[in-house]
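Trainee:
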Amino acid sequence: MRNLEKHYDIYRHEHNVLLRSKQELNRSDLSADSLKEEYGLLLLEYEKLMKISKKIASISDAQSGMLRRRENDLKCLLDHANQGFLTFGSNLRVNPQFSKECKRIFGRSVFGEDIVDLLFGATHEDVSTLRRLLSMALSAGVSMNEGRLLLASLPERAVIGETVVTLEYRPIVDEMTDDRLMLLIITDVTERIASEERIQYLSYRDVLTSLYNRSYLEPVLSLPPAQDWLPVSVLVIDLNGLKLANDVFGHREGDRLLVRSAELIKSVFDDESATLARWGGDEFVVLLPNTDKDDCAAAAARLKAACERSAVDPVQVSMAIGYATLIDTDAQLMTAFAAAEKQMYKNKLRENRMVRAEMMKSVTSALYAKRVVEIDYQERLAGQVARFALWVGIQPGSHDMKVLEALVSMHNVGYLALPEDILLKHGSLNDEEWEIVKSHSEIGYRMAASIGEWALAEAIRGMHEHWDGSGYPYGLSQEQIPYLSRLLAIADAYDVMTHDQVYKQALSPSEAQREIEAQAGRQFDPRLAAAWLAFLRGGCRE
Numbered sequence: 004m005r006n007l008e009k010h011y012d013i014y015r016h017e018h019n020v021l022l023r024s025k026q027e028l029n030r031s032d033l034s035a036d037s038l039k040e041e042y043g044l045l046l047l048e049y050e051k052l053m054k055i056s057k058k059i060a061s062i063s064d065a066q067s068g069m070l071r072r073r074e075n076d077l078k079c080l081l082d083h084a085n086q087g088f089l090t091f092g093s094n095l096r097v098n099p100q101f102s103k104e105c106k107r108i109f110g111r112s113v114f115g116e117d118i119v120d121l122l123f124g125a126t127h128e129d130v131s132t133l134r135r136l137l138s139m140a141l142s143a144g145v146s147m148n149e150g151r152l153l154l155a156s157l158p159e160r161a162v163i164g165e166t167v168v169t170l171e172y173r174p175i176v177d178e179m180t181d182d183r184l185m186l187l188i189i190t191d192v193t194e195r196i197a198s199e200e201r202i203q204y205l206s207y208r209d210v211l212t213s214l215y216n217r218s219y220l221e222p223v224l225s226l227p228p229a230q231d232w233l234p235v236s237v238l239v240i241d242l243n244g245l246k247l248a249n250d251v252f253g254h255r256e257g258d259r260l261l262v263r264s265a266e267l268i269k270s271v272f273d274d275e276s277a278t279l280a281r282w283g284g285d286e287f288v289v290l291l292p293n294t295d296k297d298d299c300a301a302a303a304a305r306l307k308a309a310c311e312r313s314a315v316d317p318v319q320v321s322m323a324i325g326y327a328t329l330i331d332t333d334a335q336l337m338t339a340f341a342a343a344e345k346q347m348y349k350n351k352l353r354e355n356r357m358v359r360a361e362m363m364k365s366v367t368s369a370l371y372a373k374r375v376v377e378i379d380y381q382e383r384l385a386g387q388v389a390r391f392a393l394w395v396g397i398q399p400g401s402h403d404m405k406v407l408e409a410l411v412s413m414h415n416v417g418y419l420a421l422p423e424d425i426l427l428k429h430g431s432l433n434d435e436e437w438e439i440v441k442s443h444s445e446i447g448y449r450m451a452a453s454i455g456e457w458a459l460a461e462a463i464r465g466m467h468e469h470w471d472g473s474g475y476p477y478g479l480s481q482e483q484i485p486y487l488s489r490l491l492a493i494a495d496a497y498d499v500m501t502h503d504q505v506y507k508q509a510l511s512p513s514e515a516q517r518e519i520e521a522q523a524g525r526q527f528d529p530r531l532a533a534a535w536l537a538f539l540r541g542g543c544r545e
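Offset between the sequence shown (1-based) and the numbering used here: plus 3.
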C-alpha cells in the first residue's frame with residue numbers, strides 16, 4: 004500500500020511538471036519559436052509514457068499485494084500446521100524464515116543456529132558424519148536423487164529437551180539464486196509416542212495389578228527355555244477367597260484382595276529376572292530363570308508365610324501354590340506350567356478344609372472388627388445354643404453340630420456388606436433401608452456357598468423365615484425352613500430380648516419366655532419353642 008502511494012506521489016509530481024510545461028508552451032511569446040512544434044510533440048509522447056508508467060505501476064502494485072497476501076496465507080498455514088518448517092543452506096545455518104512451531108519446540112528463535120547443534124547437540128555419537136552428509140546432499144555436484152539417498156542415512160528422530168520430534172529432509176532449490184536449500188519438517192510426536200507406549204503397556208499388562216498378563220506370558224511359555232535360563236522354575240498360584248470377597252464385600256474389595264495378593268507376590272519374587280503375571284481371574288504365574296527345584300520350593304514357602312502374616316482386611320490373603328522345574332531345553336516351558344498347575348490343584352484340594360476354616364475365621368474376625376456383632380453376644384449365644392442342641396438330641400461332633408456351631412458364628416455375616424450408615428442408624432429404618440437390611444440373608448448365603456459350605460449357606464438364608472410363612476427372603480414355612488435355622492432363630496431372639504439394644508431395653512427372662520410362647524406357631528417352630536422353654540425352665544445356665 005505504501006509503495007502504491009509512493010508511485011502516485013511520483014506520478015502527481017510528474018503530471019504537475021507536464022501541466023506547467025504545457026502552460027509554458029502556450030505562452031504567446033513562444034508562438035514564433037521554431038522548436039515549439041517539436042517541444043509539443045515531445046510533451047505528447049511524455050504524457051503517453053506517464054500514462055503507461057502509471058498503468059504498469061498499478062499492475063505491479065496489485066501483483067505485489069497479491070504476492071504478499073499469498074505469502075501471509077502460506078505463513079499462516081505453516082504456523083498453524085502443528086509442524087515446524089525451516090530451511091538452511093550449505094553453511095548449515097537456519098535461514099530467517101521459520102514457522103511458529105519451531106519456536107515452540109526449541110523454546111527460542113532458531114535463526115542463524117547450526118542445524119546439527121540445534122537438533123542433536125552433543126548427544127549424537129558422530130556429529131561430524133551428520134555434517135558431512137548434509138553438506139554433500141546440498142552440494143551442487145550431487146544430483147537430487149543422490150542427495151535423497153544421502154539424506155536417508157540421517158536420523159529420523161531427535162529429542163529436544165522432553166520433546167520427541169520426527170525429522171523429514173527435503174532438498175529444494177532457491178528460485179531466486181538457484182542455490183540448493185534443505186527444507187526440514189519437524190513434527191512433535193511426544194504425545195503420540197506416549198499413547199503408543201501406553202497401548203503397548205496395556206496390551207501386555209494387567210490393568211489392576213500392573214503385572215504382566217496372559218497375552219504376554221503365553222508366547223513365552225510356548226517356547227523352550229533359553230540355555231542361560233536353566234534351570235528354570237514355574238509357579239502357578241491360585242488365590243483363595245476371591246469369590247468370597249466379591250460376594251460378601253463387593254467387587255471393590257475383591258479387586259483390593261487381588262492387588263494385595265499381587266503386592267505379596269512382588270515382595271517375595273523381587274529379583275529382576277523373575278517374570279510375574281496375572282494368568283486369569285484369580286490365578287498368577289511366576290517364571291524364575293536360574294532357579295532349581297529346592298530354591299523354588301523355598302520361595303513358595305516364603306510366599307505361604309507372607310500370606311499367613313497378611314492382615315485380615317477384610318479377609319486374609321490365602322493361596323494354593325504349585326511349581327515345577329525344567330533342567331534342559333528339550334521341553335517347552337508350557338510343560339512345566341502344566342505340571343505346576345496340576346500340583347497346585349492337588350494342593351488346593353488337600354488344603355480345602357483348612358482354607359475354608361481360615362476363610363470363616365477371617366469373616367468372623369471382620370464381624371468383630373466392624374462391630375457388626377459383639378464378642379460377648381457371640382460367646383454367650385454359642386454356649387447357650389450348644390447346650391440347647393444337646394438338650395434336643397444333636398450329638399457332639401456330628402455334622403449337624405458342626406454346621407450349627409458355624410451358623411452361630413456366621414449367621415450375621417451378610418451385614419458386613421451393608422452400608423455402615425444403615426447398620427449404625429439409631430432411629431427407625433425407612434422402607435428402602437429395610438429392604439437393604441433384609442438382603443443380608445442372601446449375601447450370607449452367597450458367602451457360605453462361595454467356600455463350599457452348602458448346608459451352612461441354606462441355614463444362614465433360613466434364619467429370618469417364619470413358621471407361618473411371613474418371613475424373608477422367600478416366605479418359607481414350617482418344615483421348608485432348615486431345622487438348624489429354626490433352632491438358632493429361637494435362641495437368638497431370646498438373647499436379643501433379654502439384653503439391652505440400641506433401640507430397646509431388655510426384657511426380663513420371664514417376659515422374654517412369654518414372648519417366645521406367644522410367637523410359637525407364628526414366628527417360631529412350636530415344638531422347638533416348647534423345647535426351648537422346657538430347656539430354660541429345666542435349670543439351664545443362662
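Using N, Cα and C, we set each Cβ at its ideal position, and we do this for glycine too.
(1) Among all the DSSP beta bridges, which residues are the ones paired with F391?
(2) Under 8 Å by Cβ, that's how I've got C105 and G92 pegged, so tell me the actual separation to the nearest angstrom.
(3) Give me the Cα-Cα distance between H502 and P512, rounded to the nearest whole angstrom.
(4) Quick check on DSSP: helix, strand or coil for N355?
(5) Rounded to the nearest angstrom, how far is the Cβ of R530 from that of H469, given a contact under 8 Å?
(6) To the nearest angstrom, how far is the alpha carbon of S225 from that of S213?
(7) Assess contact between the region 373 to 389 and the region 262 to 279, defined as three or more Cβ pairs (one per stretch) separated by less than 8 Å. Is contact present?
(8) Could you confirm whether any beta carbon from chain D is found closer than 8 Å to the beta carbon of L205?
(9) Are three or more beta carbon pairs between the region 207 to 223 and the region 255 to 271 nearer than 8 Å?
(10) Given a threshold of 16 other Cβ atoms within 10 Å of its Cβ, counted over all protein chains shown, does T328 qualify as buried or as exposed?
(11) State the Cα-Cα distance for the pair I188 and A302, rounded to the nearest angstrom.
(12) Going by DSSP, what residues sit across from S321 in a beta bridge?
(13) Give, in chain order, every unbroken run of the beta strand (DSSP E) that is at least 3 residues long and sits entirely within the region 152 to 202.
(14) Locate the alpha helix (DSSP H) running through G465, then write down its first and last residues.
(15) Where in the region 97 to 148 do unbroken runs of the alpha helix (DSSP H), each at least 4 residues long, occur, reported from the N-terminal end onward?
(16) Leaving out five residues before and five after P399 in sequence, what residues of the same chain have Cβ atoms less than 8 Å from its Cβ?
(17) State the CB to CB distance for the pair L3 and Y326, rounded to an integer number of angstroms; the pair is presumed to be in contact (CB under 8 Å).
(18) Would G478 and I446 qualify as a contact pair, given that the criterion is a beta-carbon distance under 8 Å?
(19) Quick check: what's the CA-CA separation for T193 versus T166?
(20) State yes or no: is the C-beta of M322 within less than 8 Å of the C-beta of V366?
(21) Going by alpha carbons, who is nearest to L336 out of Q481, N243, P227, V406?
(22) So what's L459 in DSSP terms, helix, strand or just coil?
(23) State buried or exposed for Q203, treating a residue as buried only when at least 16 other CB atoms are found within 10 Å of its CB.
(24) Tell me the residue span of the alpha helix (DSSP H) that contains E266.
(25) If you drop the 5 nearest sequence neighbours on each side, which residues of the same chain put their C-beta closer than 8 Å to that of H402?
(26) Can you say whether Y506 is buried or exposed, counting buried as having 16 or more other CB atoms within 10 angstroms of its CB?
Mentor: In terms of the structure at hand:
(1) For the purposes of this step, residue 391 is taken as the residue at position 388 of the sequence shown. DSSP output for F391 lists no bridge partner at all.
(2) On the sequence shown, residue 105 is found 102 positions in, with the first residue counted as 1. On the sequence shown, residue 92 is found 89 positions in, with the first residue counted as 1. Contact flag wrong, Cβ pair sits at about 17 Å.
(3) Translated into positions along the sequence shown, residue 502 becomes position 499. Translated into positions along the sequence shown, residue 512 becomes position 509. Cα to Cα, H502 sits roughly 10 Å from P512.
(4) The residue given as residue 355 occupies position 352 in the sequence shown. DSSP places N355 in helix when its eight states are reduced to three.
(5) As a first step, residue 530 must be located in the sequence shown, where it is residue number 527. As a first step, residue 469 must be located in the sequence shown, where it is residue number 466. About 15 Å; that fails the 8 Å criterion.
(6) Residue mapping note: residue 225 aligns to position 222 of the sequence shown, counting from 1. Residue mapping note: residue 213 aligns to position 210 of the sequence shown, counting from 1. About 22 Å.
(7) Flag = no, the region 373 to 389 and the region 262 to 279 do not touch.
(8) Chain labels in this structure do not include chain D; a single protein chain is all it has.
(9) Taking 8 Å as the limit for Cβ pairs, the verdict is that the region 255 to 271 does touch the region 207 to 223.
(10) In the sequence shown, residue 328 corresponds to position 325, counting from 1. Buried.
(11) What you label residue 188 is simply residue 185 of the sequence shown in a count that begins at 1. What you label residue 302 is simply residue 299 of the sequence shown in a count that begins at 1. Going by C-alpha positions, I188 is about 55 Å away from A302.
(12) Position 318 of the sequence shown holds residue 321. For S321, which the question treats as bridged, DSSP gives the partners N243.
(13) Counting whole runs of 3 or more residues, the region 152 to 202 contains the beta strand (DSSP E) stretches 160 to 163, 166 to 176, 183 to 191.
(14) Your numbering for residue 465 matches position 462 in the sequence shown. It is not in any alpha helix (DSSP H) - G465 carries neither H nor E in the DSSP assignment.
(15) If we require 4 residues or more, the alpha helix (DSSP H) runs fully inside the region 97 to 148 come out as 103 to 109, 118 to 123, 130 to 140.
(16) Residue numbering aside, residue 399 sits at position 396 when the sequence shown is read from its first letter. L393.
(17) This structure gives no information on residue 3, because the portion of the chain shown stretches from 4 to 545.
(18) The residue you call residue 478 lines up with position 475 of the sequence shown. The residue you call residue 446 lines up with position 443 of the sequence shown. Taking the C-beta atoms as reference points, I446 is found no nearer than 8 Å to G478.
(19) Counting from one through the sequence shown, the residue named residue 193 turns up at place 190. Counting from one through the sequence shown, the residue named residue 166 turns up at place 163. About 6 Å.
(20) Taking the sequence shown and counting its residues from 1, the one referred to as residue 322 is at position 319. Taking the sequence shown and counting its residues from 1, the one referred to as residue 366 is at position 363. M322 places its beta carbon 8 Å or farther from that of V366.
(21) If you number the sequence shown from 1, residue 336 lands on position 333. When each option's Cα is compared against that of L336, the closest is P227.
(22) For this step, residue 459 is matched to residue 456 along the sequence shown. When DSSP states are grouped into helix, strand and coil, L459 belongs to the helix group.
(23) Walking along the sequence shown from the start, residue 203 turns up at place 200. Result: exposed.
(24) Stepping through the sequence shown from its first residue, residue 266 is reached at position 263. That run of the alpha helix (DSSP H) goes 254 to 271.
(25) Here residue 402 corresponds to residue number 399 of the sequence shown, with the count starting at 1. The beta carbon of H402 sits closer than 8 Å to the beta carbons of A458 from its chain, once the five residues preceding and following it are set aside; these are given in chain order.
(26) Reading the sequence shown from its first residue, position 503 is the one you call residue 506. So Y506 counts as exposed.
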